[in-house]
Structure formats: structure tokens, C-alpha cells
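Asks: One structure, pasted below without further comment.
Protein chains: 2
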Amino acid sequence: MVVSRSAAVSAIPAGDPARGEGDVPVCDRAYPPSRDRLETMAQRVLSMEKAQRMAEFFSILSDPNRLRLLSLLAEEELCVCDLAAALEMSESAVSHQLRTLRAARLVRYDKRGRRAFYRLDDHHVLDLYRSVEHHLDEPCG
Amino acid sequence: MVVSRSAAVSAIPAGDPARGEGDVPVCDRAYPPSRDRLETMAQRVLSMEKAQRMAEFFSILSDPNRLRLLSLLAEEELCVCDLAAALEMSESAVSHQLRTLRAARLVRYDKRGRRAFYRLDDHHVLDLYRSVEHHLDEPCG
DNA sequence: AAATTATCTGAACACCTGCTCATACTTTAG
DNA sequence: CTAAAGTATGAGCAGGTGTTCAGATAATTT
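Chains A and B supply the protein sequences, listed in that same order.
The working numbering puts the first sequence at residues 1 to 141.
The working numbering puts the second sequence at residues 1001 to 1141.
Below, the structure written as C-alpha cells:
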């Protein structure tokens, strides 16, 4: 894991805004690609296993109701029925979605009496959330 | 848009690591929630429209093969057949996925001869990609 | 010109997702 | 104790997603 880290990070290089859009890299390579080129690409490409895990994480955030749940829980802990009332969803649907978020360790809950109070359990997800929110607010996005 | 920005950003507050996990906020509120509380939550919750757009964006990144395509295109521009060879996918499947990425403005292409060279068209997506990559590399993740 | 190459596209199919509904469980109220 | 409230969960179903397959298009080669 430690060894693969540098390779993994280099698989997606820094933004590199220094390189202008104009100077296009080599464009008329031989086809089919040589074994060397294929091997080079194989080293750069995200492993299937890692891609799978990343995709699963993104898919947790790819549902509007889950995002709305997170947006409320980012402010304060709330119980299932409050969440259901605020989002105008059935309590069953909310419970199912919270289960999904729980499985992904994005929220955790705390049962008091017959109510279950949910709160965020992941600080990274907020940064991500805000990044995309900001990204989509851009005029070109 | 400008006016809504502050409200939108405040919907998800800063990480606020200063507040310890110990001091739990108010936990035994009345139920059902008062009109005031419901109204407050309604102001904080992500709008359905915005949630929809964010979810669509995340869903673009929620497929392992699309992530692998992006990981290759982050390094250099590549044509469909190179990508297909590197990922061991059919050229048709790659073309379909590139169409999806194109529609989301994450990649753009450049046709030369009978080949189509694809490259990234979005700088934000790399930051996001790296954030999640880093997040999932953590021991607790 | 005909054949080949690189890509694109629509249809069809299998798989996955998120909802509702019915039901069960646990805790509080009467 | 019984009844009700709050939540959890499995089954089932409608809708969405990603692949393959067949076919079309345009540029190159022979």
C-alpha cells in the first residue's frame, strides 16, 4: 500500500495549469498500440479493485434524497421522523436511505428512547459536497 | 445565483473540528416538530433541484469503468481503441461511456482522420477524484 | 471502386436501485 | 397489561444503468 501510493497518486497528476491547452501532445501514434505503450497505460490506469471502491463511494452520493439528508444532518442531529417530515418522504424510505448511509459510514445513530438520532460520521464528505456544490454553481458548469 | 450562494454554502457549514464529539446538541425536542422547526429545516435543506444536479454529477463518477477512463485521460489524450485495449473493454462500450462523459462535459474529443482523441475537459473532477482516492486510502475508511 | 479501419448509435437484455407496503420490534403512555 | 409511537426490515415492483449486438457512417488503404 505504501509502495503503491506514489504510483496511485501519480495516476492522476496535479492540475498542471502551466501547460497551455495549445501544445497538443503526440497525436499520430502507431495503431495498434505497442506492447510497451499498453504496459505503460496498464500501470497508469486505476486498478479495477480501487475503481470499484471509488465508484461505490460516489454512488452513495448520487441520490438526491441522500444528499438532502446529509445537508440536514450537516447542521444538527435529527431523528428519522423529523427527517421524513422535512424532506416530505415516508419514514420507511428515510430509514432505508439512512441504512445505506450507515453502511457507508457516512452517518451514525444514537438511540434514545424510541427515537433514533442520526448525525454525520464523516468529515470528508462535507468537503466533497461543498466542492461539487461550488463546481456546479460556476457559470460554465 | 449570487444571492443564493451564501445561503447555499451555509447549508453545509465548515467542518468545525473545534466542537468536540462529546457535547451533544439538544436531543429531546418535542415531537411532532413545530411549524417553526420544520420551516427552519426547510431553509437549511438542499433544494430538490440542486440536489438533483449534484446527484447527477456524482452518478457520472459512480461507475468503475468511467473512473478508469478518466484515470487514463488524466495523463494524456487517447483514442477510443487505445482506451478499449488498455481497459480490456469493447470499443462500443468505451464509446458509450465516453458519450456519457462528454454529455457531462468531463471530456472532449478531437477527431483526426478516422480516430477520435479524447482528453479531460474539467479540472475540478481531478481534485474530486484525488479527494476520494485519498479518503479511501485511510485506515478508517 | 471495394475493402478495411475507427468510431458512433439504437435496440435489447440483464442487473441494480429506491420506492411502497406489510410486518415486526422496542419503548413509552394509558 | 394493552395500545400507540418510532423505527427497522424484507419482499416486490417500477424505473434506471451498462453492456452486447447489429448496423451505419466516414476516412483510409489496396
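Using N, Cα and C, we set each Cβ at its ideal position, and we do this for glycine too.
It should be emphasised that the depicted structure is a prediction, and the values quoted were computed from it without experimental measurement.
Given that L1072 (chain B) touches chain A, what residues does it touch there, using C-beta distances under 7 Å?
Replies: Ordered by position in chain A, the residues that pass the 7 Å Cβ test against L1072 (chain B) are M41, R44 and V45.
Asks: So R108 (chain A) and R119 (chain A) are in contact, right, with Cβ under 8 Å, and what is the actual spacing, rounded?
Replies: About 7 Å separates the two Cβ atoms, so the contact holds.
Asks: Between the Cα of R144 (chain A) and the Cα atoms of B:R1066, B:F1058, B:E1075 and B:L1073, which residue gives the shortest distance?
Replies: Nothing can be reported for residue 144 (chain A): it is not among the residues displayed for chain A, which extend from 1 to 141.
Asks: Does the CB of E1091 (chain B) have a neighbour CB from chain A at under 8 Å?
Replies: By this cut-off, E1091 (chain B) is not an interface position.
Asks: Measuring CB to CB, does L1136 (chain B) end up less than 8 Å from L1106 (chain B)?
Replies: Contact flag unset, no.
Asks: The ligand ZN heavy atoms versus the CB of N1065 (chain B): any closer than 7 Å?
Replies: Inclusion of the ligand ZN in the displayed structure is not the case, the ligand content being empty and no account of it being possible.
Asks: Going by other Cβ atoms of all chains shown within 10 Å of its Cβ, with 16 needed for buried, is S1062 (chain B) buried or exposed?
Replies: Classification of S1062 (chain B): buried, given that the 10 Å Cβ count is 16 or more.
Asks: Ends of the alpha helix (DSSP H) at A1085 (chain B)?
Replies: Element bounds for A1085 (chain B): V1080 to L1087.
Asks: Have a look at A1085 (chain B) and C1079 (chain B) and give me their C-alpha separation to the nearest angstrom.
Replies: If I take the Cα positions, the gap works out to 10 Å.
Asks: Mind checking if D127 (chain A) is an interface residue toward chain B, Cβ cutoff 8 Å exclusive?
Replies: Cβ-Cβ to chain B under 8 Å: yes for D127 (chain A).
Asks: Quick one: is K1111 (chain B) buried, meaning 16 or more other Cβ sit within 10 Å of its Cβ, or exposed?
Replies: Counting Cβ neighbours within 10 Å, K1111 (chain B) comes out exposed, since fewer than 16 surround it.
Asks: R68 (chain A) and L1046 (chain B): beta carbons closer than 8 Å?
Replies: Taking 8 Å as the Cβ cut-off, R68 (chain A) and L1046 (chain B) qualify as a contacting pair.
Asks: Who are the Cβ neighbours of C142 (chain A) in its own chain at under 8 Å, not counting the five residues just before and after it?
Replies: Shown here, chain A extends from 1 to 141; a query on residue 142 (chain A) therefore has no answer.
Asks: Please report the straight-line C-alpha distance between E75 (chain A) and Q1043 (chain B), rounded to a whole angstrom.
Replies: Cα to Cα, the separation comes out at about 11 Å.
Asks: So, is the C-beta of Y1118 (chain B) closer than 8 Å to a C-beta in chain A?
Replies: Not one chain A Cβ lies under 8 Å of Y1118 (chain B).
Asks: Specify, as a first and last residue, the run of the alpha helix (DSSP H) that V94 (chain A) falls within.
Replies: V94 (chain A) -> alpha helix (DSSP H) spans E91 to A103.
Asks: Report back the beta-carbon spacing between A104 (chain A) and P1064 (chain B) to the nearest angstrom; my notes put them in contact at under 8 Å.
Replies: At roughly 16 Å, the Cβ-Cβ gap does not stay under 8 Å, so A104 (chain A) and P1064 (chain B) are not in contact.
Asks: Identify the continuous beta strand (DSSP E) that holds V1107 (chain B) and give its terminal residues.
Replies: V1107 (chain B) -> beta strand (DSSP E) spans V1107 to R1112.
Asks: To the nearest angstrom, report how far apart D1036 (chain B) and L72 (chain A) are at their CA atoms.
Replies: Rounded to the nearest angstrom, the two C-alpha atoms are 15 Å apart.
Asks: Work out the CA separation of E1049 (chain B) and T40 (chain A) for me, nearest whole Å.
Replies: One C-alpha to the other measures close to 42 Å.
Asks: Using a Cβ-Cβ distance cut-off of 8 Å, determine whether A1055 (chain B) contacts chain A.
Replies: Cβ-Cβ to chain A under 8 Å: yes for A1055 (chain B).
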